[in-house]
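Undergrad:
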Amino acid sequence: MIIAEGLTGSYGTVSAVQGVSLAVRPYEVTGLLGRPGAGKSTLLRLILGDIVPTEGSVAVQGRPVRGRRHPPQRVGASPDPASLPLSRTAREHLGESAAAAGIARARVGIVLQQVALASAARRPVGTYTRSERARLGVAEALLGDPPVILLDGLGDRLDGGELPRFGALLNGLAGEGRTIMVTGRALRPLTALTGRLVVVRDGRLVHDSDDGRPLRPDAADTVLVRTPLWQRLAYALADAGARVRLTDDDGLEVSDLGRDSIGALAREHGIPLTSLGGALWGGDPRDGAVPPAAPRREVPSGAKPLALAVRFPWPSGGTPDGEAGAGG
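Per our numbering, residue 614 is the first one in the sequence shown, and the count goes up by one each step.
(1) Does DSSP put Pro777 in a helix, in a strand, or in coil?
(2) Starting from Gly797 and walking both ways along the beta strand (DSSP E), at which residues does that stretch end?
(3) What residue from Gly647, Gly619 and Val637 has the CA that sits closest to Pro802's CA?
(4) Take Ala754 as the anchor and find which of Gly890, Glu618, Thr626 and Pro694 has the nearest alpha-carbon.
(5) Assign Arg743 to one of three DSSP states: helix, strand, or coil.
(6) Comparing C-alpha positions only, which one of Arg880, Pro684, Val838 and Glu881 sits nearest to Leu865?
(7) Quick check on Ala575: does DSSP put it in helix, strand or coil?
(8) Quick one, which of Gly680, Glu668, Arg679 and Pro759 has its alpha-carbon nearest Pro711's?
(9) Does the separation of the CB atoms of Leu620 and Leu659 fall below 8 Å?
(10) Looking at the structure shown, is Glu789 part of a helix, part of a strand, or coil, going by DSSP?
(11) If we ignore side chains and look at the alpha-carbon of each, how far apart do Gly708 and Arg718 end up?
(12) If you draw a straight line from the C-alpha of Asp663 to the C-alpha of Arg682, how long is it?
(13) Would you kindly check if the distance between the Cβ of Gly790 and the Cβ of Gln686 is under 8 Å?
(14) Nearest-angstrom Cα distance between Gln674 and Pro639?
(15) Determine, using beta carbons only, whether Val738 and Ala703 come nearer to each other than 8 Å.
(16) State the start and end residues of the unbroken alpha helix (DSSP H) segment that holds Gln727.
(17) For Leu590, report the span of its alpha helix (DSSP H) as first-last.
(18) Output the distance between the C-alpha atoms of Ala805 and Leu776, rounded to the nearest integer angstrom.
(19) Please name the residue in Gly890, Phe779, Asp862 and Gly883 whose C-alpha comes closest to that of Leu870.
(20) Do Ser691 and Gly750 have their CB atoms nearer than 8 Å?
(21) Please report how far the alpha carbon of Pro698 lies from the alpha carbon of Met794, in whole angstroms.
Written out as structure tokens, the structure is:
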């Protein structure tokens with residue numbers, strides 16, 4: 614069981630998690646939903662002991678967490694996919710992790726079977742798809758056979774067809790008395806994996822399905838938009854007061870402006886949309902090779918959205934280094 618009371622975690626002067634009180638119970642899978650930057654990963658790091666709380670407290674299995682990471686036999690957590698060793702095979706990576714933690718090597722084969730990676734276990738991790746890397750992260754979390762399991766971003770990385778299988782796996786593990794929390798930014802995959810849904814926004818808990826209240830459409834408040842004229846739309850949205858974030862595949866994640874308003878603004882500016890849906894309520898994530906790491910490009914409200922020191926493709930007439938030109 615995980616119990617957080619008034620939990621606050623800060624980076625310098627910025628509070629990423631603010632006053633969160635939450636009980637995550639055994640025998641169920643709890644989903645933690647929120648847009649990028651909502652505080653999901655920070656909350657998990659507070660529970661893991663990677664971050665010392667600024668205020669409040671958190672206890673796991675009755676033990677207070679005091680800024681010291683739990684052993685994987687007590688709390689299993691999926692790693693950041695970017696930290697996986699690309700030149701190693703899954704079997705090698707898990708074998709090394711097991712040896713370092715004093716876990717029996719026989720567990721490696723067991724968890725690879727559980728996540729359906731046994732046939733790919735001798736391939737380098739660098740050849741894995743995004744979904745396969747997500748499954749490897751689950752295998753690592755299960756390696757110590759822990760009573761508490763934390764899976765960051767799992768629903769956003771699995772193939773749609775794999776969700777029922779992993780929903781059954783997680784529910785089966787929870788049925789053995791384990792406490793499981795899964796985070797994500799997409800509602801549909803997360804509800805396929807979990808039973809209870811908790812929503813965080815700007816570091817605060819704004820919804821808990823245990824309360825019996827319906828989920829508000831604006832609880833997470835992010836809309837994913839796609840257009841071939843994404844640069845023009847980004848300017849228009851920022852001018853309208855929205856917060857805009859450019860995804861790695863040239864989609865726009867828009868906050869603080871509703872779906873209907875975004876559509877009306879696009880029509881007003883003559884910008885065709887190929888997709889207008891909720892990033893948090895949208896469809897299944899895509900399969901395929903994991904793209905190389907790229908910076909997240911956030912557009913602050915009121916600022917020229919592309920005046921950022923980030924290189925991206927620019928049409929003729931733009932500046933060659935990928936930054937917006939002067940004039941604003």
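The beta carbon of each residue, even a glycine, is placed where N, CA and C say it ideally should be.
TA: Taking the definition as stated:
(1) Your numbering for residue 777 matches position 164 in the sequence shown. If DSSP states are grouped into helix, strand and coil, Pro777 belongs with the helices.
(2) Looking up residue 797 in the sequence shown gives position 184. In the DSSP assignment, Gly797 falls within the unbroken beta strand (DSSP E) covering Thr792 to Gly797.
(3) Taking the sequence shown and counting its residues from 1, one reaches residue 802 at position 189. Measuring from the Cα of Pro802, the nearest candidate turns out to be Gly647.
(4) Looking up residue 754 in the sequence shown gives position 141. Distances from the alpha-carbon of Ala754 to those of Gly890, Glu618, Thr626 and Pro694 put Pro694 closest.
(5) Against the sequence shown, residue 743 aligns to sequence position 130. It is helical.
(6) The sequence position of residue 865 within the sequence shown is 252, counting from 1. Measuring from the Cα of Leu865, the nearest candidate turns out to be Val838.
(7) Since the first and last residues shown for the chain are 614 and 941, residue 575 lies out of range.
(8) As a working mapping, residue 711 is identified with position 98 in the sequence shown. Sequence check: residue 711 is Ala here, not Pro. Nearest of Gly680, Glu668, Arg679 and Pro759 to Ala711, Cα basis: Pro759.
(9) Along the sequence shown, read from residue 1 onward, the residue named residue 620 stands at position 7. Along the sequence shown, read from residue 1 onward, the residue named residue 659 stands at position 46. Going by beta carbons, Leu620 and Leu659 fall inside the 8 Å limit.
(10) Start at 1 with the first residue of the sequence shown, and residue 789 comes out as number 176. Three-state DSSP puts Glu789 in coil, outside helix and strand.
(11) Taking the sequence shown and counting its residues from 1, one reaches residue 708 at position 95. Taking the sequence shown and counting its residues from 1, one reaches residue 718 at position 105. Spanning the two alpha carbons is a distance of roughly 6 Å.
(12) As a position in the sequence shown, residue 663 is number 50, starting the count at 1. As a position in the sequence shown, residue 682 is number 69, starting the count at 1. For Asp663 and Arg682, the distance between alpha carbons rounds to 6 Å.
(13) Within the sequence shown, residue 686 is the residue found at index 73, counting from 1. Within the sequence shown, residue 790 is the residue found at index 177, counting from 1. Not a contact, by the Cβ cut-off of 8 Å.
(14) Taking the first residue of the sequence shown as 1, we reach residue 674 at position 61. Taking the first residue of the sequence shown as 1, we reach residue 639 at position 26. Distance between the alpha carbons of Gln674 and Pro639 is about 10 Å.
(15) Counted from its first residue, the sequence shown places residue 738 at position 125. Counted from its first residue, the sequence shown places residue 703 at position 90. Going by C-beta atoms, Val738 is nearer than 8 Å to Ala703.
(16) Reading the sequence shown from its first residue, position 114 is the one you call residue 727. For Gln727, the uninterrupted alpha helix (DSSP H) run begins and ends at Ala719 to Gln727, by DSSP.
(17) Any question about residue 590 goes unanswered here, given that the chain covers just 614 to 941.
(18) One-based indexing of the sequence shown puts residue 805 at position 192. One-based indexing of the sequence shown puts residue 776 at position 163. Their backbone Cα atoms lie some 6 Å apart in a straight line.
(19) Counting from 1 along the sequence shown, the entry for residue 870 is found at position 257. Nearest to Leu870 by alpha-carbon distance, out of Gly890, Phe779, Asp862 and Gly883, is Gly890.
(20) The residue you call residue 691 lines up with position 78 of the sequence shown. The residue you call residue 750 lines up with position 137 of the sequence shown. Remark: C-beta atoms of Ser691 and Gly750 approach each other more closely than 8 Å.
(21) Within the sequence shown, residue 698 is the residue found at index 85, counting from 1. Within the sequence shown, residue 794 is the residue found at index 181, counting from 1. Their backbone Cα atoms lie some 25 Å apart in a straight line.
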